[in-house]
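Here the structure is laid out as structure tokens; the discussion comes afterwards.
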Amino acid sequence: MTLGIEIENLTVRYPGVTAIDDLTLKLEGGKIYGLLGRNGSGKTTLLSLIAAFRRVTEGAILVDGEAPFENERLTQQICLVRESGDIVVDGDSVKGILRRSRRFRPHWDDEFAHRLLDLFQLPLNRGVAKLSRGQKSALGITVGLASRAPLTMLDEAYLGMDAPSRYAFYDVLLEDYIENPRTIILSTHLIEEVARLFEEVVIIDRGRLVAHDDTESLRMRGAAVVGPAAAVDDFTTGMTVLGEQRLGGTKSVTVYGEIDPDARAVAADWGLELSPVALQDLFVHLTKGDRA
Ligand SMILES: Nc1ncnc2c1ncn2[C@@H]1O[C@H](COP(=O)(O)OP(=O)(O)OP(=O)(O)O)[C@@H](O)[C@H]1O
Numbered sequence: 705m706t707l708g709i710e711i712e713n714l715t716v717r718y719p720g721v722t723a724i725d726d727l728t729l730k731l732e733g734g735k736i737y738g739l740l741g742r743n744g745s746g747k748t749t750l751l752s753l754i755a756a757f758r759r760v761t762e763g764a765i766l767v768d769g770e771a772p773f774e775n776e777r778l779t780q781q782i783c784l785v786r787e788s789g790d791i792v793v794d795g796d797s798v799k800g801i802l803r804r805s806r807r808f809r810p811h812w813d814d815e816f817a818h819r820l821l822d823l824f825q826l827p828l829n830r831g832v833a834k835l836s837r838g839q840k841s842a843l844g845i846t847v848g849l850a851s852r853a854p855l856t857m858l859d860e861a862y863l864g865m866d867a868p869s870r871y872a873f874y875d876v877l878l879e880d881y882i883e884n885p886r887t888i889i890l891s892t893h894l895i896e897e898v899a900r901l902f903e904e905v906v907i908i909d910r911g912r913l914v915a916h917d918d919t920e921s922l923r924m925r926g927a928a929v930v931g932p933a934a935a936v937d938d939f940t941t942g943m944t945v946l947g948e949q950r951l952g953g954t955k956s957v958t959v960y961g962e963i964d965p966d967a968r969a970v971a972a973d974w975g976l977e978l979s980p981v982a983l984q985d986l987f988v989h990l991t992k993g994d995r996a
């Protein structure tokens with residue numbers, strides 16, 4: 705079971721700031737989505753509204769065709785884990801958190817939860833208050849994944865987790881998603897680490913939609929051009945350059961803008977290699993507007 709999301713003309717205003725600004729977006733569901741945006745761009749606000757943590761006041765959000773706020777059928781199907789796992793309540797133990805999740809989550813898989821606890825080396829009997837920051841995050845992720853909610857959203861959920869734990873999380877997420885398809889939204893600042901998981905990417909900036917596309921099409925909006933320095937310089941003259949690196953006589957230049965078939969043929973003639981642009985470079989380019 706997967707859930708789709710329709711957002712129409714959504715606006716969220718706080719005193720002095722418009723956190724979400726007339727956002728319209730449709731996610732058909734059944735995919736892993738990357739939600740990218742700079743600090744303060746509205747990601748947490750958006751995910752909190754989808755998860756029915758707060759009421760929509762301007763515009764609309766529909767999940768599986770219905771508004772999620774105070775909608776019991778939907779809230780059972782939606783799981784949002786925010787940074788440092790606020791699913792997790794101090795004063796409870798790891799065991800207590802699992803017991804509570806088992807009660808409230810209709811798709812809960814206890815065996816999977818215990819497997820994740822082992823993977824992240826989380827002690828079952830320890831009080832949550834005594835867990836380290838990374839361990840709290842790992843517990844949040846454990847609850848988020850083992851809930852198997854048809855709409856699962858992880859908002860920077862791995863904060864403080866070390867690299868081996870994060871990589872273990874990416875692998876187990878992908879494996880479990882293939883076995884149990886659902887709609888997953890991951891918000892992250894560690895773009896290159898997580899990019900391989902994304903089927904579609906949504907980029908927002910200052911509450912507005914900047915891009916929504918499948919990952920490969922997005923990466924084809926630019927190119928990394930590699931080859932002999934002089935030929936690379938000639939080929940990229942006049943293009944929007946996002947970055948460059950030089951190693952001896954070889955140069956790599958990342959450009960923004962589609963490269964048409966004629967230009968690709970020229971590149972091949974000149975011995976240049978073209979590859980899709982890294983998501984992070986694209987993200988930096990698309991969100992680098994003036995932030996005075
Ligand atoms: N409760 C609040 N009251 C006032 N302003 C708020 C509140 N919550 C968020 N904001 C503001 O709304 C904007 C969007 O914040 P939000 O937390 O949604 O961004 P974000 O993309 O999740 O950021 P980050 O990547 O830093 O976590 C920011 O300018 C923030 O300061």
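This note's numbering numbers the first residue of the sequence shown as 705 and each following residue consecutively. C-beta atoms are modelled at their ideal positions from N, C-alpha and C, and glycine is treated no differently.
Residue i: CB within 7 Å of a non-hydrogen atom of ligand 1
i	result
Y718	yes
G842	Residue 842 is actually Ala in this sequence, not Gly. No; taking the cut-off as 7 Å, the Cβ of A842 has no heavy atom of ligand 1 nearer than that.
V721	yes
K747	yes
E860	yes
G926	no
N775	no
N743	yes
Alpha-carbon spacing of residue i relative to residue j, whole angstroms
i	j	result
K840	F816	18 Å
L727	P932	44 Å
T749	L739	12 Å
A996	P810	For A996, the predicted structure reports a pLDDT of 44, less than 50, and the residue's modelled location is therefore unreliable. The matter cannot be settled from this model.
A853	L707	9 Å
F773	A764	11 Å
L826	E883	24 Å
T722	R804	36 Å
A972	S979	12 Å
R742	H893	8 Å
E977	Y874	30 Å
D725	K747	12 Å
K730	A967	34 Å
S752	G975	50 Å
M943	F824	46 Å
Q984	G769	33 Å
V716	I895	26 Å
G993	R819	44 Å
Closest by C-alpha distance to residue i, when choosing among the options
i	options	result
V832	N713, D768, L802	L802
L858	I888, A850, E879	I888
Y718	V959, V785, G911	G911
L691	E883, R837, L990, G848	Nothing in the structure corresponds to residue 691, since the chain is present only between 705 and 996.
D822	I845, F808, I711	I845
G848	T944, V876, E977, D966	V876
F987	L978, V905, W974	V905
S851	S745, E732, R886, W974	R886
G864	L843, V936, T944, Q949	L843
L766	G961, S869, I709	I709
I736	L913, D796, A899, K799	A899
A861	L820, S891, P868	S891
I711	E787, M705, G733	G733
L828	D937, Y871, K799	K799
L784	E879, T958, T856	T856
Beta-bridge partners of residue i, as assigned by DSSP
i	result
D917	V905
R950	K955
I888	I736, T856
L729	I711
I895	Paired residue(s): none; I895 is not in a bridge.
V716	I724
V767	I709, E770
E977	V930
Near ligand 3: residue i beta-carbon under 7 Å from a heavy atom
i	result
D814	With respect to ligand 3, the structure offers nothing, as its ligand set consists of ligand 1.
Practice item. Check whether the segment 773-786 touches the segment 900-918, counting contact only when three or more Cβ pairs, one atom from each stretch, lie closer than 8 Å. Key: no
Check your understanding: Three or more beta-carbon pairs under 8 Å between the segment 754-762 and the segment 895-910, yes or no?
Key -> no
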